[in-house]
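Have a look at the structure below before the remarks.
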Amino acid sequence: MMLTLAPHETLELHELLRSEVLTAKKLKATIPMIQDPDLKTATTNCLNARMRKINDIQQFCQSTGMLQ
1 MMLTLAPHET LELHELLRSE VLTAKKLKAT IPMIQDPDLK TATTNCLNAR MRKINDIQQF
61 CQSTGMLQ
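Here's what the structure looks like:
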């Protein structure tokens, strides 16, 4: 069964994905500059969580037929 999203839901999903991708890019650029090991670990964990969120959103979009 294909799930159909309303136009405003599609827009919100797009905004969420864009925000997650932008944050992930910023974290990736920042990690090499971090010298404190604890902060670097925390930032890397945050990046990994963002990447999982991005993957989940992409899988959802595929399940709804938004991405082919």
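Mapping the sequence shown onto UniProt numbering, position 40 (from 1) lands on 40, and the numbers just tick up by one.
Beta carbons: idealized from backbone N, C-alpha and C, even for Gly.
On a predicted model such as this, the values are computed, not experimentally measured, just so you know.
Residues near residue i by beta carbon distance below 7 Å, same chain, minus five either side
i   : result
T23 : R50
K40 : I31 and I34
T44 : I31
Residue i in three-state terms, based on DSSP
i           : result
residue 108 : Outside the shown range of the chain, which is 1 to 68, sits residue 108, and nothing can be said about it.
Q35         : coil
T4          : coil
Open item on the list: Would the segment 4-18 count as touching the segment 51-59 if we require 3 or more Cβ pairs under 8 Å?
Closed with: yes
Open item on the list: Taking contact to mean 3 or more Cβ pairs, one atom from each stretch, closer than 8 Å, check whether the segment 22-38 and the segment 2-10 are in contact.
Closed with: no
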